[in-house]
Structures are given as C-alpha cells and as structure tokens.
Amino acid sequence: MRFLSSKPSRQLSAISCQLAWKGPIPYNVTMSVLRKVGVFLGHLLVAWLGTAILTAPIARAYHPASVAGVLWRELILSIVGGGLIGFGMYRTWRSKIGAWIWTLPTVLFAFHALSVSLISSQSALVPTNGLWYRMFGFDCVNQVSGMRCVPFFIFTIPLVRAVAYSLGTLVGVRFAKPPVSTVAEVKIF
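Following this note's numbering, the numbering of the sequence shown begins with 338 at its first residue and continues without gaps.
Here it is, written out as structure tokens:
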C-alpha cells in the first residue's frame with residue numbers, strides 16, 4: 338500500500354510543473370522576435386534588390402563583349418553596390434542585424450552546392466567540369482548553351498551581395514559616427 342500512496346504522485350506533479358511551460362509566451366518577447374525577423378528580412382531584401390536597383394544603370398551603360406565580361410561586371414558591381422548600400426543602411430537604420438545578412442544566402446549556397454556535388458558525382462549523364470565551375474560561372478563561360486549560368490545568378494550573386502552588404506554594415510558600425518543632436522537655446526522675454 339505504500340507504493341500507492343499520494344506522496345510519490347505529489348513529487349511527480351511538482352517535477353512536471355517545473356518542467357512544463359507556465360503559460361503563453363509574453364507579448365513583448367513575441368513582438369521583439371517578430372520585429373527582429375522583420376528587420377532581418379528587410380535588410381536581406383535591401384541587400385538583394387537594392388543592390389540590383391543601384392547597379393542597373395551602370396550595368397546598362399557598360400556592355401562587355403564576352404560572357405566572362407558579364408560575369409565580372411556583375412561580381413564587381415555586386416561587391417561595390419552591396420558594400421555601399423550596407424554602409425548607407427546602417428547609417429539610416431542604425432541596426433547591427435545587417436551584419437548577419439550573409440548567413441541565409443550562405444546556407445542556401447551551401448545546400449545547393451552540396452546537392453549539385455551529390456548529383457554530379459552519382460550521375461554519368463551530367464556533363465560538368467566540377468562544382469566550382471558550375472557555381473562560379475566558369476561553366477557558363479565555356480558553354481553558354483542551356484541553363485549553365487542559372488546557378489551563378491541564383492545562388493552566387495545573392496551570396497556576394499549579402500556578404501558585401503554585411504561587410505558594409507560592419508564598416509558602418511566601426512567608422513560611422515552617431516548623429517549629433519544639439520539643443521538650441523530659447524529665450525523668453
């Protein structure tokens with residue numbers, strides 16, 4: 338009868354109450370997480386689309402004669418434009434979350450590179466020179482036919498833009514001075 342006493346059940350209920358969540362997530366924690374996710378997505382959108390919008394007039398003005406020239410133009414404009422926009426957005430928003438924008442495109446790039454390497458190594462039907470040729474556009478330079486340039490423009494360019502944006506944000510954190518606010522004197526008669 339000792340085994341069926343209420344004392345062990347009380348101990349068990351006390352332990353289970355300590356381990357269980359004690360109610361809904363507080364409103365301020367939920368809003369803080371949602372705000373940070375929104376700021377991260379805003380920075381990511383600015384890094385990808387803002388760089389494309391900033392560099393589009395320059396890209397239209399310069400027309401390289403080869404496919405390699407197009408790839409180099411896109412890489413250089415993505416690096417310079419992403420860095421400038423990252424620096425400018427830090428000065429505007431004062432958010433250090435922009436320094437972490439590189440994480441999501443890096444994960445997507447790594448996942449795609451892993452899937453390409455697994456598919457390419459197991460198939461004799463996929464003619465390719467290797468993973469780096471495909472991901473960095475060299476395969477596109479050698480043979481323009483087909484869809485050989487797509488991984489470069491879908492995975493590599495967003496990665497380059499995000500890394501440049503993050504570096505621009507870090508430069509802004511390091512060297513941008515906070516705005517100085519002055520208080521003006523007001524004389525009353």
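Every residue, glycine too, gets a C-beta built ideally from N, C-alpha and C.
Using a Cβ-Cβ cutoff of less than 8 angstroms, which residues in the same chain neighbour residue i once the five nearest sequence positions on both sides are dropped?
| i | result |
| --- | --- |
| L468 | A450, V453, S454 and S457 |
| W385 | P495, R498 and A499 |
| T493 | F446, M472, F473 and G474 |
| I525 | none |
| R428 | G509 and A513 |
| V376 | W430, S432 and I434 |
| G538 | What the structure shows of the chain is the stretch from 338 to 526, and residue 538 is not part of that stretch, so it cannot be assessed. |
| F424 | G505, T506, V508, G509 and A513 |
What residue range is occupied by the uninterrupted alpha helix (DSSP H) comprising residue i?
| i | result |
| --- | --- |
| H380 | Y364 to L382 |
| W439 | That residue, W439, is in no alpha helix (DSSP H); it is neither H nor E in DSSP. |
| T392 | T388 to A398 |
| R471 | L468 to M472 |
Leaving out the 5 sequence neighbours to the left and right, which residues in its chain are closer than 7 angstroms to residue i when beta-carbon positions are compared?
| i | result |
| --- | --- |
| I416 | V497 and A501 |
| L507 | A436 |
| A396 | R410 and L414 |
| A398 | none |
Take residue i and list the residues in its own chain whose beta-carbon comes closer than 6 angstroms to its own, dropping the five residues that flank it on each side.
| i | result |
| --- | --- |
| C486 | C477 |
| G418 | T388, L391 and T392 |
| I438 | H380, L381, A384, A499, Y502 and S503 |
Is residue i helix, strand or coil by DSSP?
| i | result |
| --- | --- |
| G495 | Correcting the residue identity first, residue 495 is Pro in this sequence and not Gly. Of the three classes helix, strand and coil, the one that applies to P495 here is helix, per DSSP. |
| C486 | coil |
| A513 | coil |
| G418 | helix |
| A405 | helix |
| I456 | helix |
| I413 | helix |
| R503 | Before going on, a small fix: residue 503 reads as Ser here, not Arg. Of the three classes helix, strand and coil, the one that applies to S503 here is helix, per DSSP. |
| R428 | helix |
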